[in-house]
Amino acid sequence: MKDSFRTDAVSRRTFVTGLGAGALLLGLPHSSHPNSPTASATTLRGNHFDLSIGYRQVNLTGRERQALTINGSLPGPILRWREGETVTLNVHNQLPDKSSLHWHGVRVPSDMDGEPGLSFSGIQPGQTFRYRFPLRQSGTYWYHSQSGFQQQLGLIGAIVIDPISPEPFSYERDYVVVLSDWSDESPQTIYTHLKKDPDYYNRQQRTATDLWREVRTKGVARTWRDRHQWNWKQLSDRNISQVTGETYTYLINGHTPDTNWTALFKPGERVRLRLINAASMTLFDLRIPGLKMKVVAADGQNVEPVSVDEIRIGSGETYDIIVEPESEQAYSIFAQSMDRSGYARGTLTGDIRLSAEIPAMDHRPVLTRQDLGLGRKTEETDTHFKTTQTAHTEKHSYLPDATEGGWFYGNLAAAGLGSNSPIIHQPSESGFRVDHRALTPANGISDPGVGLRNHKHRYNRRVLTYSDLRSNKPTQDQREPQRELQLHLTGNYERYLWSINGEKFRDASPLLFRHQERLRITLVNDTTLPQPMHLHGFWSELETGDGEYLPRKHTVIAQPGSSISYLVSADTYGRWALHSQMLYQRPGMYREVRIV
Amino acid sequence: MFKNISGIAATLWLLAAQASYGQSEPQHQHHSYQSSGEDNEEEPMAEVSLDYVELRGDNGGEIEGDFSYGGEQNKFVAEVDYERSSGEIEKNELWALYSRAISANWNFLIGIRHDFNLETTSRNWAAVGITGESPYKFEMDAVFFYGEHGSTAFRLEGEYEIKLAQDWNLVPRIELNFFGQNDEARGSGSGLSEAEVGFRLMYEVTRKFSPYIGVHYEREVGNAADFAREEGEDVDSTVWVLGFRAWF
Ligand SMILES: [Cu+2]
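Those protein sequence lines, which keep their order, are chains A and B. Residue 12 is where the first sequence starts when you use my numbering, and the numbers rise one by one after that. Residue 53 is where the second sequence starts when you use my numbering, and the numbers rise one by one after that.
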């Protein structure tokens, strides 16, 4: 039953969206843009696809700009695949520059991964590259260019892989919600601005007024103490996002908040929304005021359903949610950027003429001691967040043996529990590339993240955390990790240099994993910014404490000043990438993973 | 004498290169198969920064700025510092420097400074120093100079940015000049010779352009003050300034 409904919804959408995208691409001003209720990118189905990477003039903000498009649409078409089939994609590059498409989260042979320089040499101008791979998974994924900063200009699109076996949940409507960040400035300009003035887009800096207010409420001594660590390290607790609403317009399925992407439902229907954060530099906090969101999949993989009010989606991550609107009213799909400098907005409505009120943005976050990597020692004032890691360390009276390069052997914590290894900063972390090291990083697994830690108390909203995620199927690989790799995410904010273990990609050796080995990766985030880290080629099985049902992800947010662990089964030969999904940090915060 | 300067410069250069080698270079071999990843290559970047372009009082002014070009760690810097007060040129300097990042917040500098003909004649200095940001975000430059006939000098500059609002900054600035010996012709005395203190209120029209107004105070100290008094000149002066800061 649900399948027929879904097919119906999809075909209708396919038909209307061509219109929406066409209007967008003709560069019509917003006012004359037809607010088509189901406008979105077209959906391409089957197992053989012809995709053409090109450019078009668009007008998203009132100014004509050139965007990169796939088959003329921004974002690119939704690719609807079916598990068990082998898909062939002929990708033709019409750009004057090299390009590529990477299938984010789809487990493909290494040479089909679309990672320039690792798995292939990129698609030359005028050339066609044929991707061909079998689909051994189902769920919601996405694709993007991995060449230069092309992703920022619109080379993104959704992938939906329908499962062979029935899904453990049902729904009557199925919509893709692609979140992205658009700028009228060229990506190279943004990058240059960040390099020359990392605070270029930050309009939420500390001011004398704040200081005065703080001194009045807390007194001089306490204010001094609270600020001392930040001032001493030349860091700012107001440094939430690097590129902000100052330049970004946040989009849902290519629509600005004004053009309001709209999806329809009938009262009583269950609506599945496939949330994809395809933004270059933005973490979104998404909610639908008035509706509970039942999370049924994370990064394409089904989880035990969990009902929440709010989800932080790091760039690269996807979540599938089901909502059940009961009356014919309209609801806002409201995704504010983490720093509250702007939002993406769409509408879910029972009546095409209705749109819902756009909620006010939440309070602006300020970083805490925990984000500075001092999270494990003191009592948490701003959070009700358990430091599970401390508990582990107590259980294991002896620690694993460390050797060079962050590898640990023997006495590792049991699968699922996360790392019990001591935090060891590598000697390479002391150069000019690294401005800060987390001394006592907290475990980030149950941390909702910067600015969300008190949302229960403040707004009575339940925010999803990684520890809420529980796979709906038992962990496939039940082996204990044989080795553990501790990687430190490092950077120098003022110089705008990013690295792993203090080494930029070009200077670092590849990480060598043995074929078929089960290993643990622990990310220690020495920066004060959340880092959504994407591992190509394998599942990252988050160690949530329950080893039997580890949730599988492809992109994992390492919270600032925190550590997080996941297990990897190195089952596919080849050369892969592990990198930050933050576009302008990616050149440095990047490693090759090689399976030998 | 020039041989002498270049010898010292070369030695310092080598010392700096070696001191920073240990901590900043990766400990292992570079692998040839990594010539891939062309999309991850950092390109050198050029920046022009005009820190102070201003009128001072009735008959003075300053232009201080630099051009830099380079990569993540190594840069070439050309710097200009021109200052005029009471109708006389006080500074007319052109610098050529090599700058190397040596820690998270500090750069090492080495190069030459050329002073264009002041009242006497042009002269060259070898310059070596550091520039960067101290804890609590004080921006500082400290440069030591070695010139002809064994003359020495030291300049310490500090600046702090107080954010009054998102686009309003109050910027106190201090500059101290020290000399190794008296130089009556130039009016500089041994020890601390002159001190400048200023406050500028800047408004960011854009991130790249901030006009400002402010007040600038300067004073000759010690022997330099005596020389000034002998010449019948003022020992100190306070003037209004009007100018802008820009970068691109
Ligand atoms: Cu570290």
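A virtual CB, placed ideally from N, CA and C, is assigned to each residue, including glycine.
If you pair each beta-carbon of the stretch 501-521 of chain A with each one of the stretch 472-492 of chain A, do three or more pairs fall below 8 Å? Counting Cβ pairs under 8 Å, fewer than three are found: no touch.
B/PRO187: buried (16+ other C-beta within 10 angstroms of its C-beta) or exposed? When all chains shown are included, B/PRO187 counts as exposed.
Quick one: what does DSSP say A/THR270 is sitting in, helix, strand or coil? Under the three-state reduction of DSSP, A/THR270 is assigned to coil, being neither helix nor strand.
In whole angstroms, what separates the C-alpha of A/GLY442 from that of A/GLY460?
Cα to Cα, A/GLY442 sits roughly 28 Å from A/GLY460.
Original post:
At a Cβ cut of 9 Å, what residues of the stretch 151-169 of chain B count as close to chain A, listed as they run along the chain?
Top reply: Residues passing the 9 Å Cβ filter: ARG152, ALA153, ILE154, SER155, ALA156, ASN157, TRP158, ASN159.
**Item:** Contact list for B/PRO187 against chain A, beta-carbon separation under 9 Å
**Value:** Those are ASN242, TRP243, LYS244, GLN245, listed as they occur along chain A.
- Task: Locate the alpha helix (DSSP H) running through B/GLU282, then write down its first and last residues.
- Result: Counting along the chain, B/GLU282 sits inside the alpha helix (DSSP H) bounded by residues 274-282.
Any C-beta of chain A under 8 Å from that of B/GLU124:
Yes, B/GLU124 lies at the interface with chain A (some Cβ there is under 8 Å from its Cβ).
- Taking Cβ positions, are A/ALA78 and A/LEU146 nearer each other than 8 Å? At a Cβ-Cβ threshold of 8 Å, A/ALA78 and A/LEU146 do not count as neighbours.
- Using 8 Å as the limit for Cβ to Cβ distance, is A/PRO543 near chain B? Taking Cβ atoms only, chain B never reaches closer than 8 Å to A/PRO543, which makes this a no.
Less than 7 Å between the CB of A/GLU440 and some heavy atom of ligand 1, yes or no?
Under cutoff, so the answer is yes.
Note down the Cα distance separating A/PHE131 from A/MET123, rounded to an integer number of angstroms. Approximately 8 Å between the Cα atoms of the pair.
Are A/LEU2 and A/HIS447 touching if we call contact CB-CB under 8 Å? Nothing can be reported for residue 2 of chain A, as the shown portion of chain A is limited to 12 through 607.
Problem set entry | Member of A/THR267, A/PRO179, A/PHE144 whose CA lies at the smallest distance from the CA of A/PRO120 | Ranking A/THR267, A/PRO179, A/PHE144 by Cα distance to A/PRO120 puts A/PHE144 first.
Quiz item: Roughly how far, in whole angstroms, is the beta-carbon of B/ASP219 from the beta-carbon of B/TYR255, given that I think they are within contact range, below 8 Å?
Solution: So it is a contact: roughly 6 Å between Cβ atoms.
TODO: Go to A/LYS484, then tell me how far its alpha helix (DSSP H) extends in each direction, as first and last residue.
DONE: Note, A/LYS484: premise wrong, no alpha helix (DSSP H); not H, not E.
- Do A/ARG1 and ligand 1 come close, with the Cβ less than 7 Å from some heavy atom? A question about residue 1 of chain A goes unanswered here, because the residues of chain A that appear run from 12 up to 607.
Burial state of A/ILE324 (16 or more Cβ within 10 Å) | By the 16-neighbour rule on beta-carbons within 10 angstroms, A/ILE324 is buried.
Fill in: Alpha-carbon spacing of A/GLY455 relative to B/GLY122, whole angstroms
Between the C-alpha atoms of A/GLY455 and B/GLY122 there is a straight-line separation of about 38 Å.
Q. Which of helix, strand or coil does DSSP assign to A/ALA219?
A. A/ALA219: helix per DSSP, three-state reduction.
Min CB distance A/LEU508 to chain B below 8 Å | Closer than 8 Å to the CB of A/LEU508 there is at least one CB belonging to chain B.
Using a Cβ-Cβ distance cut-off of 8 Å, determine whether A/THR501 contacts chain B.
With 8 Å as the cut-off, A/THR501 does not count as an interface residue toward chain B.
Report all residues from its chain with a CB closer than 6 Å to the CB of A/GLU225; omit the five preceding and five following residues, and keep chain order.
Same-chain partners within the cutoff: THR234.
Worksheet item: Is the distance from the Cβ of A/MET593 to the Cβ of A/SER197 below 8 Å?
Response: No, the Cβ-Cβ distance between A/MET593 and A/SER197 is not below 8 Å.
Could you check how far apart the C-beta atoms of B/PHE251 and B/VAL273 are, in whole angstroms? I think they sit under 8 Å.
B/PHE251 to B/VAL273, Cβ: 20 Å. No contact.
For this session: Round the Cβ separation of A/PRO562 and A/GLN312 to the nearest angstrom and send it over; I've been treating them as touching at under 8 Å.
Result: Confirmed, Cβ separation roughly 7 Å.
Checklist entry - Got a sec: does ligand 1 put a non-hydrogen atom nearer than 7 Å to the Cβ of A/VAL535? => result A/VAL535 Cβ: within cutoff of ligand 1.
(message) Taking 7 Å as the cut-off, is the beta-carbon of A/THR538 closer than that to any non-hydrogen atom of ligand 1?
(response) When distances are taken from the beta-carbon of A/THR538 to the heavy atoms of ligand 1, even the shortest one reaches 7 Å or more.
Taking 8 Å as the threshold (beta carbon to beta carbon), is A/LYS206 in contact with chain B?
At least one C-beta of chain B is nearer than 8 Å to the C-beta of A/LYS206.
inquiry  = Could you check whether the Cβ of A/THR501 sits closer than 7 Å to any heavy atom belonging to ligand 1?
reply    = It does: the Cβ of A/THR501 is within 7 Å (strictly closer) of some heavy atom of ligand 1.
> With distances taken from CA atoms, which of A/PRO370, A/PRO376, A/PRO452, A/SER343 is nearest A/ASP350?
Replying inline: The residue from A/PRO370, A/PRO376, A/PRO452, A/SER343 with its alpha-carbon nearest to that of A/ASP350 is A/PRO376.
**Asked** Under 7 Å from any heavy atom of ligand 1, does the C-beta of A/HIS436 make it?
**Response** Relative to ligand 1, the nearest heavy atom lies less than 7 Å away from the CB of A/HIS436.
Cβ neighbours of A/ILE89 in the same chain (closer than 8 Å, five flanking residues each side left out): Within the same chain, A/ILE89 has close Cβ partners SER51, ALA52, THR53, THR54, LEU55, GLY168, ALA169, ILE170, VAL171, VAL187.
Step through the CB atoms of chain B and report whether any lies within less than 8 Å of the CB of A/GLN148.
Answer no: the Cβ-Cβ gap between A/GLN148 and chain B never drops below 8 Å.
### Task
Anything in chain B within Cβ reach of A/GLU75, meaning under 9 Å, just list it in chain order.
Contacts between A/GLU75 and chain B, judged by CB atoms closer than 9 Å, are missing: the closest CB pair is about 22 Å apart.
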